[in-house]
Amino acid sequence: MRRITLIPGDGIGPEVTAAARAIVEASGATVAFEEVVAGQRAEREHGTPLPRPVFDSIEVTKIALKGPTQTPFGGDYRVTIERNDVQAGGVARSYPSISIALRRELGLFVNVRPIKNYPGIPSRYEKVDLLIFRENSEDLYVGVERMVDEGTAEAIKIISERGTERVTRFALDYMQRLGRRRLTIGHKANVMKMTDGLFLKVAQSIAKGRSDILVDQRVVDALCMDLVMRPEDYDCLLLPNLYGDIVSDLAAGLVGGLGVAPGANFGTDYAIFEAVHGSAPDIAGKDVANPTASILSAVMMLRYIGETAAADRIAQALAQVLMEKHAVTPDLGGNAGTRAMTDAIIQKLRA
Ligand code: NAI
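Sequential numbering from 163 applies to the sequence shown in the numbering used here.
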């Protein structure tokens with residue numbers, strides 16, 4: 163029995179991860195979930211949003227399915243990490259958000275986000291099939307900011323040769339396994355000459371040796387326009403952290419919204435699967451959140467651990483429910499709740 167850490171998270175997180183969990187459990191996959199608490203409930207119960215048991219569990223299971231976690235806008239909110247090495251005299255580390263803390267502490271250097279049209283999901287475009295590789299550990303998201311004086315703030319943007327090289331190699335290998343052919347590097351090297359310039363140069367030089375994959379580049383603002391005009395022209399995208407975050411949400415909008423965009427964070431030792439969307443406080447607790455992104459993230463997880471048959475069964479059951487449109491959430495044009503949509507998928511699995 164493969165153990166999986168489950169982090170329900172904040173806002174709609176507990177609703178959509180409960181849906182994904184129930185569906186995985188009904189699929190026949192031989193996995194056992196181990197639930198740990200992170201986020202606002204952890205802050206209330208343990209005095210920190212990311213307590214030690216979260217790491218203790220992932221260090222054993224190596225894999226987590228995570229719901230979104232909430233981060234306040236502005237202010238001086240930081241997530242401080244208490245792990246064994248810190249208690250043994252190491253330097254305490256702090257990060258701007260729970261997601262960033264997990265990604266950095268566990269060495270999850272790449273975020274993979276497949277964005278494509280699903281039959282039955284209303285969308286302005288057809289034939290969109292994008293695979294986004296977002297560098298996950300560097301860039302402005304290292305979270306080193308300060309107020310220079312009362313009216314001026316500054317932030318540090320870090321791009322390294324090592325970080326760019328490993329995310330590029332990962333993207334190329336991942337593409338090769340899936341038979342994907344074209345990689346577009348998104349950047350702003352015309353303005354951020356050193357940082358994005360280094361990202362572009364290193365990514366291009368690593369990719370040059372790969373005759374199986376066509377590599378081109380696009381300035382990120384022009385890339386955004388292209389994606390909105392002709393998304394079907396693009397295949398795979400490689401982006402530094404901040405642009406990757408923004409372009410992923412834009413791309414989710416091309417295929418029906420954040421409710422249908424799954425994702426996975428990979429490193430050398432660990433993997434965390436989580437939807438692109440956030441905790442959606444505006445709809446939390448109302449039983450209207452679309453669980454599709456979370457379910458598709460679980461499907462990615464099952465494929466990753468070799469539970470291919472269960473993954474295929476879930477993907478098929480979900481596709482049937484989406485196509486029939488009788489039991490889909492309001493963002494997809496239906497009037498079913500999260501739980502009703504989940505039950506409909508489970509019924510298909512059992513049929
Ligand atoms: P959001 O993704 O939570 O919501 C944006 C809009 O999309 C809202 O109108 C929301 O109702 C809708 N939406 C999102 N997921 C949906 C779903 N599954 N079904 C139906 N509608 C859905 O982004 P927002 O509002 O900017 O962020 C809210 C909080 O989430 C913030 O505290 C942010 O830091 C956090 N966040 C956490 C992430 C993570 O833990 N991986 C990722 C992104 C944001």
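For glycine and all other residues, C-beta sits at the position ideal for the given N, C-alpha and C.
Counted within 10 angstroms of its Cβ, other Cβ atoms place residue i as buried (16 or more) or exposed
{"i": "S367", "result": "exposed"}
{"i": "H349", "result": "buried"}
{"i": "K289", "result": "exposed"}
{"i": "M356", "result": "exposed"}
{"i": "T470", "result": "exposed"}
{"i": "M463", "result": "buried"}
{"i": "A200", "result": "buried"}
{"i": "P284", "result": "exposed"}
{"i": "A498", "result": "buried"}
{"i": "A369", "result": "buried"}
{"i": "L360", "result": "buried"}
{"i": "I243", "result": "buried"}
{"i": "D407", "result": "buried"}
{"i": "I318", "result": "exposed"}
Spatial neighbours of residue i in its chain, beta-carbon cut-off 8 Å, leaving aside the 5 residues before and after
{"i": "L376", "result": "R343, R344 and L345"}
{"i": "Y287", "result": "N279, P393, E394, L416 and V417"}
{"i": "F332", "result": "F271, V272, F295 and F428"}
{"i": "Y466", "result": "I225, A426, A433 and F435"}
Proximal residues to residue i (C-beta, below 7 Å), its chain only, five neighbours per side dropped
{"i": "D374", "result": "Q338"}
{"i": "S322", "result": "E300"}
{"i": "Y257", "result": "R240, V241, A263, R266 and G305"}
{"i": "N298", "result": "R265, L270, F271, V272, N273, N403 and N427"}
{"i": "A501", "result": "The question names Ala, but residue 501 in the sequence shown is Arg. Within the same chain, R501 has close Cβ partners D449."}
{"i": "R328", "result": "F271"}
Residue i vs residue j beta-carbon contact at 8 Å
{"i": "A437", "j": "G419", "result": "no"}
{"i": "P402", "j": "G173", "result": "no"}
{"i": "L292", "j": "P230", "result": "no"}
{"i": "L484", "j": "G282", "result": "yes"}
{"i": "R275", "j": "R296", "result": "yes"}
{"i": "L302", "j": "L404", "result": "yes"}
{"i": "T504", "j": "A451", "result": "no"}
{"i": "D449", "j": "E177", "result": "yes"}
{"i": "I457", "j": "A182", "result": "yes"}
{"i": "R164", "j": "T192", "result": "yes"}
{"i": "I445", "j": "V461", "result": "no"}
{"i": "E454", "j": "G421", "result": "It is Thr, not Glu, that sits at residue 454 in the sequence shown. Taking 8 Å as the Cβ cut-off, T454 and G421 qualify as a contacting pair."}
{"i": "L400", "j": "T330", "result": "yes"}
{"i": "I220", "j": "L268", "result": "yes"}
{"i": "A489", "j": "A513", "result": "no"}
For residue i, the first and last residue of its enclosing beta strand (DSSP E)
{"i": "T516", "result": "With the chain represented from 163 up to 513, any question about residue 516 goes unanswered, as that position is not in the structure."}
{"i": "E154", "result": "Nothing about residue 154 can be read from this structure; the chain reaches only from 163 to 513."}
{"i": "L264", "result": "First-last for L264: I260 to E267, but that is the alpha helix (DSSP H), not the beta strand (DSSP E)."}
{"i": "F295", "result": "D291 to E297"}
{"i": "D311", "result": "E307 to D311"}
{"i": "E436", "result": "A433 to E436"}
{"i": "T500", "result": "No beta strand (DSSP E) holds T500; the alpha helix (DSSP H) holding it covers T500 to R512."}
{"i": "L270", "result": "Careful: L270 lies outside any beta strand (DSSP E) and carries neither H nor E."}
{"i": "H349", "result": "R344 to H349"}
{"i": "T167", "result": "R164 to I169"}
{"i": "S256", "result": "R255 to Y257"}
{"i": "V193", "result": "V193 to E197"}
Cβ-based neighbour list, residue i, same chain, cut-off 6 Å, excluding 5 preceding and 5 following
{"i": "A188", "result": "I508 and L511"}
{"i": "L385", "result": "G348"}
{"i": "P213", "result": "A204"}
{"i": "P170", "result": "P176, T179 and G229"}
{"i": "C398", "result": "L293, M337, R342 and L345"}
{"i": "D378", "result": "T346"}
{"i": "E312", "result": "none"}
{"i": "D358", "result": "H349, K350 and A351"}
{"i": "S410", "result": "R275, I294 and V438"}
{"i": "E196", "result": "R165, T167 and S219"}
Integer-rounded CB distance, given that residue j should sit under 8 Å from residue i
{"i": "A423", "j": "I277", "result": "6 Å"}
{"i": "A351", "j": "L362", "result": "5 Å"}
{"i": "T326", "j": "V364", "result": "4 Å"}
{"i": "G190", "j": "A472", "result": "6 Å"}
{"i": "L227", "j": "I185", "result": "The pair is not a contact, with the Cβ atoms about 11 Å apart (cut-off 8 Å)."}
{"i": "L389", "j": "A414", "result": "Not a contact, Cβ separation roughly 11 Å."}
{"i": "V222", "j": "V198", "result": "About 11 Å separates the two Cβ atoms, so there is no contact after all."}
{"i": "S459", "j": "Q232", "result": "Not confirmed; about 18 Å, so no contact."}
Residue interval of the alpha helix (DSSP H) (run including residue i)
{"i": "A369", "result": "T357 to K370"}
{"i": "M387", "result": "V382 to M391"}
{"i": "P215", "result": "R214 to T223"}
{"i": "V186", "result": "G175 to A188"}
{"i": "G325", "result": "E323 to L340"}
{"i": "A472", "result": "T470 to E486"}
{"i": "Y156", "result": "A question about residue 156 goes unanswered here, because the residues of the chain that appear run from 163 up to 513."}
{"i": "E115", "result": "With the chain covering 163 to 513 only, the question about residue 115 has no answer from this structure."}
{"i": "N403", "result": "N403 to L416"}
Residue i Cβ short of 7 Å to the ligand SAM heavy atom set
{"i": "G418", "result": "For the structure depicted, the ligand SAM is absent and the ligand set comprises only the ligand NAI."}
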